[in-house]
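FYI, the numbering for the sequence shown is 1414 to 1796, going by the working numbering.
Note sheet for the following structure.
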Amino acid sequence: MKKFIFSLLVISGAVFGDSMSDGNTTERNMTESFVYDEYNVSSLIEGMDAYGKADYELAIKLFSKRIESNPKDDFSYIYRANSYLNLKNYDLAIQDSNKVIKLNPNDFNAYYNLGLSYHYLKNYSSAIRDYTKAIKLNTNNDLAYFSRGNSYCNVKNYALAIKDFTKAIKLYPNYANAYNNRGSSYAKSKNYSLARKDFNKAIELDSNNSIAYFNRGVSYANLKKYNLALKDFNKAIELNPTDTYSYGSSGVVYYKLKKYDLSTKYLHKAIELDSNNSTAYTNLLEMSIVINQDFNTSLEEKLIELSKDDKQTSAKYEMLKIVQSISTNNSYNLTPKEWDEKYKDIKIESWDFEELDEWANNTKDKDKKAKLKNAIKIFKTHK
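Put into structure tokens, the structure is as follows:
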């Protein structure tokens, strides 16, 4: 029922290019490609002004004109790539960054932008490769370590993520997001004590960091300190009223506390904020089965829709469908081979089986009980 209990949020590197307002900057030598005539100065000011005002489409037009007049203007390529990044046009950002590297193979910013682009395209191995190249060119840039740490998180290499976040903190001791993300990595490694310490530090540095409050709440929930968890989730919601994760996690905690009306209320609020929140739907469906012995058809219809593009959701929906079938008509006897064949590449992640276990153990029909416990064991142990 509780994906939320285990889903901590990692703050992605959101600063593109060489602005790097959260950390150190790299001084770039542009003298070879920049000629100080009247046109260059005025067009540069116009382009930088548009970029500074977040008018990225205009910035792209202005920097494109500069590139037309000087195809070796790597400065304009960099800022056009930055603009593409901010518009989430990652393929064009990659093209411009590669062009810069052809002009200047030792350009830190180009490799950093490549890393960001590949990260957001979910090509994490390429992102790590290019962040590593950027770091070799500038070993003192905290954002590069921070961003590579984020990519390591996404490939579940939490040890290397922790190492990179620690380096970012060493370079920039007041880096609240680095503390948050290192805390998330510790929590994913089940080191909740160090995780909570980092979340505390992130909150100390930035008292309006709603994600840090959410993550600390998750750590408290994992330690079964539910009242403290709810307090942090409520604070996260206060800071960010559209925080679907904190509403969903509150719903899970209320379920653990057997406050079913509140659980339902908060889970429905999570769905109201994000109609494609598959986790909230699976949470509600499990509660419907365990508490009401009912397979809610409206929830089922939405999960079928969401399962089309999400194998995790598909596996969780199928799991709940199987336990409901066993419970209602005792007609299903799942075998490991059957489940492995259907979901051989999927391991059910971020799922707490505590309520399903309790439900199965309390089932009076011995045959149903045995089948339920067998099925749940298969779900737990499937790799």
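Glycine included, C-beta positions come from ideal geometry on N, C-alpha and C.
Cβ neighbour criterion (16 or more within 10 Å) applied to residue i
| i | result |
| --- | --- |
| E1470 | exposed |
| E1699 | buried |
| G1630 | buried |
| S1711 | exposed |
| D1656 | buried |
| G1528 | buried |
| K1535 | exposed |
| Q1737 | buried |
| T1695 | buried |
| E1445 | Caution is warranted here: a pLDDT of 36 is assigned to E1445, below 50, making its placement in the model unreliable, and the coordinate value is therefore given only provisionally. Exposed, by the Cβ-count rule. |
| L1636 | exposed |
| I1458 | exposed |
DSSP state of residue i mapped onto helix, strand, coil
| i | result |
| --- | --- |
| H1795 | coil |
| T1776 | coil |
| Q1508 | helix |
| N1570 | coil |
| W1752 | helix |
| M1414 | Note on M1414: pLDDT 36, under 50, position unreliable in the model; the coordinate value appears next. M1414: coil per DSSP, three-state reduction. |
| I1759 | coil |
| A1467 | coil |
| N1742 | helix |
| K1501 | coil |
| F1646 | helix |
| Q1725 | helix |
| N1554 | coil |
| T1655 | coil |
| S1688 | coil |
Distance between residue j and residue i (C-alpha atoms, nearest Å)
| i | j | result |
| --- | --- | --- |
| I1684 | N1553 | 43 angstroms |
| Y1571 | N1647 | 28 angstroms |
| F1429 | F1488 | Interpretation of F1429 is limited by its pLDDT of 33, a score under 50 that renders its predicted location unreliable; no figure is taken from the coordinates. |
| D1687 | P1484 | 45 angstroms |
| W1772 | K1569 | 32 angstroms |
| T1439 | F1708 | Legend: pLDDT at T1439 = 35, less than 50; position of this residue unreliable, no value from coordinates given. |
| C1566 | A1574 | 6 angstroms |
| L1607 | G1596 | 7 angstroms |
| Q1508 | S1496 | 13 angstroms |
| Y1464 | Y1492 | 8 angstroms |
| S1676 | E1651 | 18 angstroms |
| I1616 | A1649 | 11 angstroms |
| E1481 | N1604 | 54 angstroms |
| A1783 | Y1524 | 56 angstroms |
| Y1558 | S1602 | 19 angstroms |
| I1473 | D1486 | 14 angstroms |
| Y1490 | N1517 | 11 angstroms |
| A1788 | E1731 | 12 angstroms |
Check whether residue i and residue j have beta carbons under 8 angstroms apart
| i | j | result |
| --- | --- | --- |
| Y1537 | S1560 | no |
| L1670 | Y1639 | yes |
| L1643 | S1663 | yes |
| L1697 | S1740 | no |
| G1661 | N1690 | yes |
| A1522 | A1506 | In the sequence under discussion, the amino acid at residue 1522 is Asn, which differs from the Ala named in the question. In this structure, A1506 does not lie closer than 8 angstroms to N1522 by Cβ. |
| K1724 | F1766 | no |
| Y1592 | K1576 | no |
| K1729 | I1761 | yes |
| F1627 | Y1658 | yes |
Proximity test, residue i beta-carbon vs the ligand GTP heavy atom, cut-off 7 angstroms
| i | result |
| --- | --- |
| S1560 | Within the structure as shown, the ligand GTP is missing, as the structure has no ligands at all. |
Residue-level contact to chain C via CB, residue i, 8 angstroms cutoff
| i | result |
| --- | --- |
| S1740 | This model lacks chain C altogether, as it is built from one protein chain only. |
The segment 1715-1723 contacting the segment 1751-1765, beta-carbon criterion three pairs below 8 angstroms
Flag = no, the segment 1715-1723 and the segment 1751-1765 do not touch.
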